[in-house]
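For reference, the structure discussed in these notes is given below.
Residue numbers (the numbering used here): -14 to 505.
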């Protein structure tokens, strides 16, 4: 149950983001933006540096080319200039001017007078003064800009000047057009841009594949984590790699397996709640049944269910059935005892009536005898009444004989009835002994029931809150057992009284039988 707090916290986190919704700024976008943020500046810097390096390299190359042209022309032109062969110098200048990248070539003497040049149709104003080469240097390189004489558009030039014979004979100047360098650098930059674009497309495709390989396992992990946050622990994360993400998925699966053994799922909690509610309803129904049983309805039975209460209810139903059987036997025995007592009372009444009749007959006989005595005495005194007295004496003797015979018959009936009463009372004593055995059995059942109620109370105390209602049932059962035990003790005491009175009645009847037999 400790993990339910964690479930609540997970539910709060899941509540912040609806189930099934995608994150606003997912991992894939972050990776793509990161790659773009890295590659685009890197590509721009690389392209810039590459173009700059190409431009510098081509500048150095053009400078070297111009230096070579100027140096060669200065070497070949010394003799021609000394010979004042301007045409051949111009031919050399024109030949070198046809080389790619050469903007112009000019040769002037020590007085700055042009001997040969490639400017057409006009020589730019001030072009000679822009790079005056001292005689003490091997060469001098400067970047100059001169306007075109026709269009007036400025042109950037790398001007390389090489003096001839320390500048005494003149100077050779070669201008390398920087526009050619820029165009070549631009073409190279565009080519690099295309290469970078292709590489970027390939990198983007590879990045998409790479991002999918990363984000798909992460997305599956997030989906399973969201289900875990919702309480669903039935699904594991598929492990498709052995890298850090695969290790994370495997660790997460191990966590889910541990959570399965520690945390109840929502279905299990609902099942437990339904089982608890069903147990409470069963306990309530059983309490109603116990109340009806306590009220004396031994035909009532508790409903046997499949939960922990079912075994106890089954045992109590069996106990109530046994108690009902025993009480039915007690009732039948009591009815038989009552019937025997009624028969004994009836026989005693008959015996009393017979005794009264016998006493009446005896009194009659005594009166007759007295009358006879008076008659005999009167015979001596009254002789003349002897015939009548003799007749009366004869009649009285006849009636006396009949009375004696009736008395003997009554005494015989009394003896028979007394013997019958003795048998009934003895049978009643035997029934009392049977009832005593039944009461002993009931007392044993009550003791076992009390012990069963005690064990049920102990089990209910161990069950905690769920067993609180069950403890009430156990207490009611214990009270019922105590009531049964008390009723059993009362019945036993009553039976002992009945047995004592039965023994007294048997003794009285036996004495009456003996007296009757003696009188008979």
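Backbone N, C-alpha and C define an ideal beta-carbon position, used for all residues, glycine too.
Taking one beta carbon from each stretch, the stretch 181 to 194 and the stretch 65 to 73 have fewer than 3 pairs nearer than 8 Å; the two do not touch. Residue state for residue 95 is assigned as coil, using DSSP reduced to three classes.
Of the candidates 125, 444, 471 and 177, 444 places its Cα closest to the Cα of residue 458. Between residue 297 and residue 441, the CB-CB gap stays under 8 Å. When only Cα atoms are considered, residue 417 and residue 435 end up about 26 Å apart. Note that the C-beta distance between residue 48 and residue 143 is below 8 Å.
Apart from sequence neighbours up to five positions away, no residue of its chain approaches residue 64 with a beta-carbon distance below 7 Å.
Taking a 10 Å sphere around the C-beta of residue 157, we find 16 or more other C-beta atoms and assign the residue as buried. If you look at residue 139, you'll find it in the beta strand (DSSP E) that goes 139 to 149. The stretch 201 to 208 and the stretch 217 to 229 touch, with no fewer than 3 CB-CB distances between them shorter than 8 Å. The Cβ atoms of residue 154 and residue 94 lie closer than 8 Å to each other. Under the three-state reduction of DSSP output, residue 473 falls in the helix class.
With contacts defined by Cβ atoms closer than 8 Å, residue 174 and residue 36 form a contacting pair. DSSP places residue 101 in the strand class (E or B) of the three-state scheme. Per DSSP, residue 236 is one residue of the alpha helix (DSSP H) stretching across 229 to 247. Residue pairing by DSSP places residue 43 in no beta bridge whatsoever. A Cβ-Cβ distance of about 6 Å is found for the pair residue 218 and residue 241, placing them in contact under the 8 Å criterion. Annotation: residue 500 to residue 411 spans about 19 Å, alpha carbon to alpha carbon. In this structure, residue 308 and residue 287 do not form a Cβ contact; the two beta carbons are roughly 14 Å apart against a cut-off of 8 Å. Its chain contains 116, 118, 125, 156 and 158 as the residues whose beta carbon lies nearer than 6 Å to that of residue 146, once the 5 sequence neighbours on both sides are disregarded; these appear in chain order.
Burial state of residue 34 is exposed, judged by a 10 Å Cβ sphere holding fewer than 16 other Cβ atoms. Proximity of the stretch 132 to 143 to the stretch 72 to 80 falls short of the contact definition, fewer than three beta-carbon pairs being nearer than 8 Å. As DSSP reads the structure, residue 156 sits in a beta bridge with 93 and 148. For residue 166, same chain residues with a beta-carbon under 7 Å away, outside a window of 5 residues either side, are 40, 43, 44 and 47 in chain order. The beta-carbon distance between residue 17 and residue 135, rounded to whole angstroms, is 54 Å. This is too long to meet the 8 Å contact definition. For the options 400, 429, 104 and 426, the alpha carbon positioned closest to that of residue 132 is the one of 104. With contacts defined as CB atoms closer than 8 Å, residue 289 and residue 461 fail to qualify as a contacting pair. Annotation: the continuous alpha helix (DSSP H) that includes residue 75 extends over 71 to 82. Each residue's CA atom was taken as its position, placing residue 15 and residue 22 some 10 Å apart. Taking the C-beta atoms as reference points, residue 178 is found nearer than 8 Å to residue 32. Between the alpha carbons of residue 438 and residue 479 lies a distance of about 28 Å. Beyond the five residues adjoining it in sequence on each side, residue 311 comes within less than 8 Å, by CB distance, of 423, 426, 427 and 430 in the same chain, given in chain order. As the crow flies, the alpha-carbon of residue 284 is around 23 Å from that of residue 265. Within its own chain, the residues whose Cβ lies closer than 6 Å to the Cβ of residue 314, once the five positions on either side in sequence are excluded, are 423, listed in chain order. Closest in alpha carbon position to residue 114, among 106, 107, 127 and 121, is 127.
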